[in-house]
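Number of protein chains: 2
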Amino acid sequence: MDEEESGSGARQRPATIVDVAETARVAIGTVSRYLNGQSVRPANRDQIEAAIQRLNYRKNALAAAMKSDLTNTVGFLVPRLSEFHASVLERLSLALRQQGRALLSYCHNDDAASVMGALEFFSSHRVDALVMDARPEAEERIRATARAGTPIVFYDNNLAGPPVDRVLVDNRGASHRMVSHLLDVGHTRVAVLTGNVQHWTGRERFEGYRQAMLEHGLTINPDYVLDTHWNEDEAYSGMGRLLMLPTPPTALYCCNYNMAMGALRMFAERGVRVPEDISIASFDDVPLFALYGGGITAAAQPTAKIADTIAGTLAARLSGRSALQPPLNIVLNCDIILRGSVKRPRLASEPSPAAQPPTSQL
Amino acid sequence: MDEEESGSGARQRPATIVDVAETARVAIGTVSRYLNGQSVRPANRDQIEAAIQRLNYRKNALAAAMKSDLTNTVGFLVPRLSEFHASVLERLSLALRQQGRALLSYCHNDDAASVMGALEFFSSHRVDALVMDARPEAEERIRATARAGTPIVFYDNNLAGPPVDRVLVDNRGASHRMVSHLLDVGHTRVAVLTGNVQHWTGRERFEGYRQAMLEHGLTINPDYVLDTHWNEDEAYSGMGRLLMLPTPPTALYCCNYNMAMGALRMFAERGVRVPEDISIASFDDVPLFALYGGGITAAAQPTAKIADTIAGTLAARLSGRSALQPPLNIVLNCDIILRGSVKRPRLASEPSPAAQPPTSQL
DNA sequence: TTGTACGCGTTATCAT
DNA sequence: ATGATAACGCGTACAA
Numbered sequence: 135m136d137e138e139e140s141g142s143g144a145r146q147r148p149a150t151i152v153d154v155a156e157t158a159r160v161a162i163g164t165v166s167r168y169l170n171g172q173s174v175r176p177a178n179r180d181q182i183e184a185a186i187q188r189l190n191y192r193k194n195a196l197a198a199a200m201k202s203d204l205t206n207t208v209g210f211l212v213p214r215l216s217e218f219h220a221s222v223l224e225r226l227s228l229a230l231r232q233q234g235r236a237l238l239s240y241c242h243n244d245d246a247a248s249v250m251g252a253l254e255f256f257s258s259h260r261v262d263a264l265v266m267d268a269r270p271e272a273e274e275r276i277r278a279t280a281r282a283g284t285p286i287v288f289y290d291n292n293l294a295g296p297p298v299d300r301v302l303v304d305n306r307g308a309s310h311r312m313v314s315h316l317l318d319v320g321h322t323r324v325a326v327l328t329g330n331v332q333h334w335t336g337r338e339r340f341e342g343y344r345q346a347m348l349e350h351g352l353t354i355n356p357d358y359v360l361d362t363h364w365n366e367d368e369a370y371s372g373m374g375r376l377l378m379l380p381t382p383p384t385a386l387y388c389c390n391y392n393m394a395m396g397a398l399r400m401f402a403e404r405g406v407r408v409p410e411d412i413s414i415a416s417f418d419d420v421p422l423f424a425l426y427g428g429g430i431t432a433a434a435q436p437t438a439k440i441a442d443t444i445a446g447t448l449a450a451r452l453s454g455r456s457a458l459q460p461p462l463n464i465v466l467n468c469d470i471i472l473r474g475s476v477k478r479p480r481l482a483s484e485p486s487p488a489a490q491p492p493t494s495q496l
Numbered sequence: 135m136d137e138e139e140s141g142s143g144a145r146q147r148p149a150t151i152v153d154v155a156e157t158a159r160v161a162i163g164t165v166s167r168y169l170n171g172q173s174v175r176p177a178n179r180d181q182i183e184a185a186i187q188r189l190n191y192r193k194n195a196l197a198a199a200m201k202s203d204l205t206n207t208v209g210f211l212v213p214r215l216s217e218f219h220a221s222v223l224e225r226l227s228l229a230l231r232q233q234g235r236a237l238l239s240y241c242h243n244d245d246a247a248s249v250m251g252a253l254e255f256f257s258s259h260r261v262d263a264l265v266m267d268a269r270p271e272a273e274e275r276i277r278a279t280a281r282a283g284t285p286i287v288f289y290d291n292n293l294a295g296p297p298v299d300r301v302l303v304d305n306r307g308a309s310h311r312m313v314s315h316l317l318d319v320g321h322t323r324v325a326v327l328t329g330n331v332q333h334w335t336g337r338e339r340f341e342g343y344r345q346a347m348l349e350h351g352l353t354i355n356p357d358y359v360l361d362t363h364w365n366e367d368e369a370y371s372g373m374g375r376l377l378m379l380p381t382p383p384t385a386l387y388c389c390n391y392n393m394a395m396g397a398l399r400m401f402a403e404r405g406v407r408v409p410e411d412i413s414i415a416s417f418d419d420v421p422l423f424a425l426y427g428g429g430i431t432a433a434a435q436p437t438a439k440i441a442d443t444i445a446g447t448l449a450a451r452l453s454g455r456s457a458l459q460p461p462l463n464i465v466l467n468c469d470i471i472l473r474g475s476v477k478r479p480r481l482a483s484e485p486s487p488a489a490q491p492p493t494s495q496l
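One line per chain: the protein sequences are P and E, in this order.
Note that the numbering used here has the first sequence beginning at 135, numbered continuously upward.
Note that the numbering used here has the second sequence beginning at 135, numbered continuously upward.
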């Protein structure tokens, strides 16, 4: 008789807790208590369960959030869903789900207006906490948000000052180890494709390069330092210029995956062989690097660990356990994965190895 | 004097529309009208703007949603954030944002319980619409949701029956074209790594293979058909078995990117050269394929177009314009991108080209 | 343990 | 155009 009708396209009102209470012939309060896991008389419990089933009832998370001042929702803001960020997002989303929380994600595309828009959006939706790459243009807003008591976690990129938690990787150290490896093998002409120096991450990775060079008694050749802004196309053309240099580099260090892609594209175009003609190493590890040629030496960010650490931090802050603790500054290590793309440079006196076919094309 | 105090860690209550009304010395209704873009006396407008600024007020999206029965939120459910899904998500999120809507995303990892959990979550959060890969185990729930008037869009995977919109790609056609290409070049021993036949997508891609084979007068050799479940590791070991066959295939068609990766890994391990020893083509296009060796021939799904089409469909449904229209069934084409991984098979009489070094290692 | 009634921050409906 | 007020669905004191 009272079957839900028609599906005529009109939006139907979902059942409410009142409907459940009426159907089960109990009071609203009783249903609420049942829903929140408190004790209820067994007979009533059965009635309520039956009613929920019958009415296809789902608690209205919005109304609940409004009452409890808790949305169980976390904002996630990144420039884009690169493999790195997507991987962190997927894992973080899983970890938070186990805490009963969900993620609201947003990409800002390195656009300042989008960053501010995202922050507006998040506060409008009353997220309980915020996970984001640090953005200088939003510093004031971030401070205000933190002051208002919303836990914030910076990840990937950093920004000194705001009293927020940080889950970062040792960009400088990993860079340093990577470039040191190139130098230890015998390279002296090591070029670097850097990210935007506006980014802490970009500065740190470059600094690792710089320190390694200096420690090996080398000077920084400005011709070998290209700020190609994390960008594949800029890296591609930048690499083209590097190859035209009278004394081209014998090794290349790319501060991220995209720029490595650009460089590899240029290598392919010019017939430059890795590692015979040039050695290459890159930040970030992606499937491509395991398979390309003899593999590309890379610094792998521990995405799972990053996500889990962020989730743990949020759990602590939101549970109130660590509400008043000073900001955390967690720095995770990257693994340097040695593959076949780095080789001792050949001396000017040595013949080109072009005549010897590689044992495998891969 | 009434400065917001301390930031002691305690959660602060955000300002409400009531606070704004009081500060601006106008009625709540006036503020609401202003916020929703209706006309307000200029003097009042200025007062309200000042108050909003002063109190750092943001509209509570939850309360608004509760009243208007519109959350301006769309659920997005996929198995995982692979490059394909991440790319669609990023673009879709952008397009929806321009409609004033946001995306709530969820990964189900091919786990039936997670799928149901996601659907619960979405209805609890009262999403206005749903975008998902079709999942058979959720059919009843999907029908119920659709019946209740929530627009649903299936994408990537399909499932016949439920009256929902569909934005899919021509999996069968793309497969057919791809395999036909392999056959046209002269291959007859073409192996296929298929996805799970539980998935429509898997069945369609296999069907394209089957049709192409039959049309070329070939029979399907069961030894050459491996269901490696979209999975890299299974593809890796499956490829190992294929290579051990007395008469191994001369060409391989992979129904997705992950399986191609697995196969390439096995090739690298066994020193199998592409395309000298075996030709390979794959569904999905990823950066790797452009760079690997002479490039890998691939079927590229139009992710941007998929996302934009979904966004358009949602806009129409949610605006009520097409509320009563019959379900849409949009099928987009894939581009077949020819690269260097496919080559005429050498005849038994021809010598192995092992002695001729490739012109470039790439 | 259960029932009642109020309030969360909006929007929308009324008079004015 | 504005002001007052009734909902929306839920949680929760408080009384029973």
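All C-beta atoms in this analysis are idealised placements derived from N, C-alpha and C, irrespective of residue type, glycine included.
For residue j and residue i, the rounded distance between their alpha carbons
i         : j         : result
Ala229(E) : Thr157(P) : 42 Å
Ala325(E) : Arg235(P) : 45 Å
Ala184(E) : His242(P) : 28 Å
Arg473(E) : Phe417(E) : 13 Å
Arg260(E) : Ala280(E) : 13 Å
Glu138(E) : Ala197(P) : Below a pLDDT of 50, predicted positions are generally treated as unreliable, and Glu138(E), at 38, falls in that range; the measurement from the model is reported next regardless. The alpha-carbon atoms of Glu138(E) and Ala197(P) are separated by roughly 27 Å.
Arg145(E) : Arg407(P) : 58 Å
Asn463(P) : Leu264(P) : 16 Å
Asp411(P) : Thr443(E) : 46 Å
Gln332(E) : Ser475(E) : 29 Å
Phe256(E) : Gln459(E) : 24 Å
Pro382(P) : Ser371(P) : 15 Å
Leu204(E) : Asp262(E) : 6 Å
Thr328(P) : Trp364(P) : 7 Å
Ala432(E) : Arg344(E) : 18 Å
Ile286(E) : Leu223(E) : 16 Å
Gln187(E) : Ala149(E) : 11 Å
Ser314(P) : Ala346(E) : 53 Å
Gly342(P) : Ile162(E) : 57 Å
heavy atom of the ligand PLP below 8 Å from residue i C-beta
i         : result
Thr335(E) : Only the bare structure without any ligand can be found here, which leaves the ligand PLP out of the picture.
Three-state secondary structure assigned by DSSP to residue i
i         : result
Asp153(P) : helix
Glu137(P) : Note that Glu137(P) scores a pLDDT of 35, beneath 50, so its modelled location is shaky; the value from the coordinates is reported in the next line. DSSP places Glu137(P) in coil when its eight states are reduced to three.
Tyr191(E) : coil
Val359(P) : strand
Phe161(P) : Note that residue 161(P) is Ala in the sequence shown here, rather than Phe. Three-state DSSP puts Ala161(P) in coil, outside helix and strand.
Thr205(E) : coil
Thr322(P) : coil
Ile412(P) : coil
Val406(E) : coil
Leu215(E) : coil
Rounded Cβ spacing between residue i and residue j (contact assumed at less than 8 Å)
i         : j         : result
Asn390(E) : Asp361(E) : Not really, about 12 Å apart at Cβ, beyond 8 Å.
Pro461(P) : Pro297(P) : 5 Å
Tyr168(E) : Arg179(E) : 6 Å
With 16 other Cβ atoms within 10 Å as the buried cut-off, status of residue i
i         : result
Lys477(P) : buried
Leu226(E) : buried
Asn170(E) : exposed
Ser140(E) : Caution is warranted here: a pLDDT of 37 is assigned to Ser140(E), below 50, making its placement in the model unreliable, and no coordinate value can be reported.
Asp136(E) : A caution first: Asp136(E) carries a pLDDT of 36, below 50, which makes its placement in the model too unreliable to give a value.
Met378(E) : exposed
Asp419(E) : buried
Ala489(P) : Its pLDDT being 41, under 50, Ala489(P) is placed unreliably by the model, and the measurement read from it follows with that caveat. Exposed: under 16 other Cβ atoms inside 10 Å.
Val154(E) : buried
Asp318(E) : exposed
Gln172(E) : exposed
Segments of 3+ residues assigned as beta strand (DSSP E) that fall wholly inside the segment 442-478 of chain E: Listed in chain order, they are 463-466, 469-471.
In chain order, what are the residue ranges of uninterrupted beta strand (DSSP E) at least 3 long that sit wholly in the segment 229-260 of chain E? For the segment 229-260 of chain E, the continuous beta strand (DSSP E) assignments of 3+ residues that do not extend past its boundaries occur at 236-241, in sequence order.
What runs of the beta strand (DSSP E), each 3 residues or longer, lie entirely inside the segment 263-308 of chain P? Assignment of beta strand (DSSP E) within the segment 263-308 of chain P, counting only whole runs of 3 or more residues, yields 263-266, 286-289, 299-303 in chain order.
Could you pull out every unbroken beta strand (DSSP E) segment of at least 3 residues lying fully inside the segment 351-396 of chain E, listed in chain order? Here the runs fully enclosed are 359-361, 385-388.
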